[in-house]
Structures are given as C-alpha cells and as structure tokens.
Amino acid sequence: MTPTLRRALFAITLVATAIQARAADLQVAVAANFSSAAQKIAAQFENDTGHAVKLSFGSTGKFYAQIEAGAPFDVLLAADQATPGKLVAEGKALPATLRTYAIGRLVLWSADPALVDARGEVLRSGQWKHLSIADPKLAPYGQAAKEALAALGLADAVQARVVTGENIGQALQFVQSGNAELGFVALGQVQPPDGSAVPGSMWMVPDKLYAPIRQDAVVLSASKVGPVATEFIEYLAGDKARAVIKNYGYR
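Printed below as a string of structure tokens:
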C-alpha cells in the first residue's frame, strides 16, 4: 500500500468516525423548570458515556406541538405525565421507555427577601402589583398555579394583576427582572443545588392545593439513536442523576 493510499484510507476512517459520533448525538427537549438540573445531568452523561447531548428548553405544550410537526428530538423530559403518555398512545414515543424522573414542587417566590411570608398571605395583600405564572395551557406548573389560586379562593381577586409567561422559565424571568414582584415557579429553579438558603423569599405551596406534578421522560419513536436515547433515560434513574434531581428540590 502506497503512502498516498494509506493517507486516503486514514482520512476516510476519520470521516466515518465523525459521522458515527454525530449519529450518537442526542437531541433532548427539556421542560423549562428542569433546565439547571438537566444541564448538570447531561454533562455527567457526556463524561461517563462519551455521547454528546444537545438540550432545548421550553414549555411541554410547545414541545408537544413541535414533535407533532416532526421536530427531530430523541428524548422528551416533560413537566407532566399526560404529554408523554399521549405521545405513546399516538405511536410517537416508545412505551417501554416511559418513566417518571422527578416530582416537581410549586413555590411562590420573590427576589425581595422581605416580601413573601411563610404562609403565602402576601397574595391577599396590596404589597405587589404583578404576579407571574406560566401559561396554564402550555405549562403544567402554570396549571398548578391556577389550581392553587382557585383552592385559595383568590383566582378572581388577583386575575387583573397576573402576567403570563410562555413557560415557567419566562415566568421566573419576569420576577428576576422586576417586571413582577412575585410569581409561582418551580422549586428546582430557585433552590441552590449546594443546599444553601433560597435567595429572596419563598412560600412552599402545600401539596393539597394542586395536583401532583409528576414529570415523565420518554424516548421518541422517530429517534435515529434509540439505544443511546434509552441509555440516557436509564441514566436518569442512576445514583448520580438522582442526587442532582434531589439537590434541586425535586422528589
């Protein structure tokens, strides 16, 4: 074999290896509430397996519409159980991969450390002008916030002061930016993973005020890297991922 031919074969091998590596890259759609935890878990997964992970963040409802339209995601980490279940029923997700990876917790949060009291009575006060929530039609945490307000008998009283974000990430941004004095967000968004105190002020909304936020993951049927996608789903149940999930305040 001549040196020229040897170099050509080596180049072809490199190209084939690169193509194979790209084929193993995962496209993961992640509910906005889980963004910080997902980034840490994805980094661990990449380090442990060598597979690359690309994360996209948004509302579960919007991801459902994108998947219906053919978006090339491999895995969905939803903020509810209904959406992955619906995709399975439609044949767009693999039933054997469906599992709950976290149970979310709703909190009322403000960047002002003196605004939110330990019982959430601030909601009945005139100390604020705007309350941020995620869109109940698209985001399960928004639906949970709506249920909590109704259970407290405050839905009508606060309606004129509610500002709605497309997803829970945007709802948090409204509070962080000062466009809303307080908002209903996920504990996982404001809970420091090192166990230190949550910045600002917060009321943990009692579980009895809203339906459990069980967050399910599933591999999509159209995935071209099904075994790797399944490996990622299984990784979520491992000790490393579970430690991250717990540290961010999820059950």
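Just so you know, we're using my numbering here: the sequence shown kicks off at 7 and counts up by one.
Virtual Cβ for every residue (Gly too), placed ideally from N, Cα, C.
Taking 9 Å as the cut-off, the beta carbon of residue 191 is found closer than this to the beta carbon of residue 177. Only residues of its own chain outside the window of five on either side were considered, and among them 148, 149, 152 have a CB closer than 6 Å to the CB of residue 142, listed in chain order. When DSSP states are grouped into helix, strand and coil, residue 148 belongs to the helix group. One thing to note: residue 112 has its Cβ no nearer than 9 Å to the Cβ of residue 251. If you draw a 10 Å sphere on the C-beta of residue 53, you find fewer than 16 other C-beta atoms in it, and that means exposed. Exposed is the label assigned to residue 119, since fewer than 16 other Cβ atoms lie within 10 Å of its Cβ. Beta-bridge partners assigned by DSSP to residue 110: 219. Taking all protein chains in view, the Cβ of residue 109 is surrounded by fewer than 16 other Cβ atoms within 10 Å, so the residue is classified as exposed. In the structure shown, the three-state DSSP call for residue 69 is helix. DSSP places residue 236 in the uninterrupted alpha helix (DSSP H) bounded by 232 to 241.
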